[in-house]
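If you're matching positions, the sequence shown starts at 181 in this note's numbering and goes up one per residue.
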Amino acid sequence: MADIHVEEFYKDVAIALVQLYGAFPRRVNLFVEDIAGPDEPDEFGLHSKRHMACFGALLWLEEEGLLRYVDTIRQEALDQAVLTRNAFVRLSAPAPSALTREFGQAHQRVDEGLPPSVQEDLSTYIHLVRTALKDGHSSRISRIIQATFFADQSH
Numbered sequence: 181m182a183d184i185h186v187e188e189f190y191k192d193v194a195i196a197l198v199q200l201y202g203a204f205p206r207r208v209n210l211f212v213e214d215i216a217g218p219d220e221p222d223e224f225g226l227h228s229k230r231h232m233a234c235f236g237a238l239l240w241l242e243e244e245g246l247l248r249y250v251d252t253i254r255q256e257a258l259d260q261a262v263l264t265r266n267a268f269v270r271l272s273a274p275a276p277s278a279l280t281r282e283f284g285q286a287h288q289r290v291d292e293g294l295p296p297s298v299q300e301d302l303s304t305y306i307h308l309v310r311t312a313l314k315d316g317h318s319s320r321i322s323r324i325i326q327a328t329f330f331a332d333q334s335h
């Protein structure tokens, strides 16, 4: 079992990527509270560790070339964020069939009667990320984000 902060990192990354993919190619403000939940700064104006971890995950996505943004809005949001070409292409790509079977088992019977173009859309990495988020299992979210961005990129 991974450390809880690592599982939260994967979930934050998944939510941010889904939000940006849904808005692509528009630039949008990416708010930490929309990803990690509400946060009340303490009496000194400092955010919680959870809030700062999510903000750090967003900054990390930019450092790793998965998103771009114009500026930060304090420590609360990224201003005018958008996926990079590489992130968009990777999320839009079909996942390997073994991964699609692993993450799509619950939905497999429904998918069988669909046209090939719809089945192709349902086999993309972004669809698998959305499915994992809907299911809410942190280990599945972690595995699909790892498979999407950290596995062998030669597929």
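By construction, the Cβ of each residue, glycine as well, lies at the ideal position given by its N, Cα and C atoms.
As the structure is a computational prediction, the values presented were derived from the model and not from experiment.
Would you kindly work out how many angstroms separate the C-alpha atoms of residue i and residue j, rounded to a whole number?
{"i": "R206", "j": "S318", "result": "29 angstroms"}
{"i": "A327", "j": "E243", "result": "19 angstroms"}
{"i": "P164", "j": "Q255", "result": "Because the chain here runs from 181 to 335, residue 164 falls outside it and cannot be looked at."}
{"i": "N266", "j": "G316", "result": "26 angstroms"}
{"i": "F224", "j": "V269", "result": "42 angstroms"}
{"i": "R323", "j": "I253", "result": "31 angstroms"}
{"i": "L272", "j": "I306", "result": "For the record, residue 272 in the displayed sequence is Ser; it is not Leu. Each residue's Cα considered, the two are about 6 angstroms apart."}
{"i": "T280", "j": "I184", "result": "26 angstroms"}
{"i": "L247", "j": "T264", "result": "5 angstroms"}
{"i": "G245", "j": "A233", "result": "19 angstroms"}
Relative to the C-alpha of residue i, which candidate in the options has its C-alpha closest?
{"i": "V401", "options": "V193, T328, F329 and Y201", "result": "The requested residue 401 does not occur in the structure, where the chain is confined to residues 181 to 335."}
{"i": "S277", "options": "L302, A257 and S322", "result": "L302"}
{"i": "P274", "options": "G245, T304, T280 and I253", "result": "T304"}
Output needed for residue i: all residues of its chain with C-beta closer than 6 angstroms, excluding positions within five of it in sequence on either side, in chain order.
{"i": "D251", "result": "D259"}
Which residue or residues does DSSP assign as beta-bridge partners of residue i?
{"i": "A261", "result": "V208"}
For residue i, collect the residues of the same chain with a Cβ closer than 8 angstroms to its Cβ; drop the 5 residues on either side in sequence, then sort them by chain order.
{"i": "D219", "result": "V212, E213, H227, S228, R230 and H231"}
Cutting at 7 angstroms between CB atoms, please list the residues of its own chain near residue i, excluding the five before and the five after it.
{"i": "Y249", "result": "E242, L258, D259, Q260 and A261"}
* Sufficient close CB pairs (3 or more, under 8 angstroms) joining the region 235-246 to the region 187-197 -> yes
* Asked: Do three or more CB pairs link the region 303-312 to the region 205-224 at distances below 8 angstroms?
  -> no
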